[in-house]
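Quick note on the working numbering: the sequence shown kicks off at 187 and runs consecutively.
Even glycine gets a Cβ: it sits at the ideal position worked out from N, Cα and C.
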Amino acid sequence: MYYFAYGSNLSKKQMKERCPANQPLFRAILPNYKLIFTGWSRQWRSGTASIKPFQGEKVPGAVYELPELDLKKLDRHEGYPTLHNRINVLVITEDGEAVRATTYIRHEQADETKPSREYLSIIQQGYRDWEIM
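Here you go:
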């Protein structure tokens, strides 16, 4: 299963802890979506990353290959199906190829909230891991 990661799941260290058998594959963008921070996480004491449809925007991220068992582990971490839905998306590789993947989106788009510095540092590490931007 191809999984499109954005937010803190771009951190290869975090993904290795959550999904030990994951295979990092390639960078990609999710077109016509926008990265937002919303809701409240007890772990991070702040809002967390989600996406919402937004024409003309794009979300930078990366694709991992996950075995079914790891996808179930990630479901638990992401609060699927109570907090997040899992949706199928088309992401675009750096070569312009469209690839089907699954990703998570928050059920209810609550007001946007600020992420904590600690949470942002995990996302920034993920951007460095994948050499995004």
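Please state if the CB of C205 and the CB of L260 are separated by a distance shorter than 7 Å.
Cβ distance < 7 Å, so L260 and C205 count as in contact.
Helix, strand or coil for H293? Go by DSSP, reduced to three states.
Collapsing the DSSP output to three states places H293 in coil.
Taking contact to mean 3 or more Cβ pairs, one atom from each stretch, closer than 8 Å, check whether the stretch 268-283 and the stretch 210-218 are in contact.
These segments touch.
Ranges of the alpha helix (DSSP H) found wholly within the stretch 213-279, counting only runs of at least 4
Taking only runs of at least 4 residues, the alpha helix (DSSP H) segments lying wholly in the stretch 213-279 are 254-264.
Rounded straight-line distance, which links the Cα of L216 to that of G242
When only Cα atoms are considered, G242 and L216 end up about 11 Å apart.
Can you round the beta-carbon distance between N218 and F240 to whole angstroms, since I take them to be within the 8 Å contact cut?
Between F240 and N218 the Cβ distance is about 7 Å, and since that is below 8 Å, they are a contact.
Here's the rule I'm using: 16 or more other beta-carbon atoms within 10 Å means buried, otherwise exposed. How should P301 be labelled?
It counts as buried.
Between E264, Q229, A248 and Q310, which has its C-alpha nearest L322's C-alpha?
One cannot answer for residue 322 here, as it falls past the ends of the chain, which runs 187 to 319.
In three-state DSSP terms, what is Y192?
In the three-state scheme derived from DSSP, where H, G and I count as helix and E and B as strand, Y192 is classed as coil.
Cβ-Cβ separation, Y305 to E251 (assumed contact under 8 Å), whole Å
Contact flag wrong, Cβ pair sits at about 25 Å.
Do P253 and A207 have their beta-carbon atoms positioned less than 7 Å apart in this structure?
Annotated as proximal: A207 and P253, with beta-carbon spacing under 7 Å.
Looking only at its chain, what residues have a beta carbon closer than 8 Å to the beta carbon of M319, apart from the 5 residues adjacent to it on each side?
Taking C-beta separations shorter than 8 Å and ignoring five residues to either side along the sequence, the partners of M319 in its chain run P246 and Y313, following chain order.
Taking Y290 as the reference, give the member of R262, D297, T299 and R231 with the closest Cα.
Comparing Cα-Cα distances from Y290 to each of R262, D297, T299 and R231, the minimum goes to R262.
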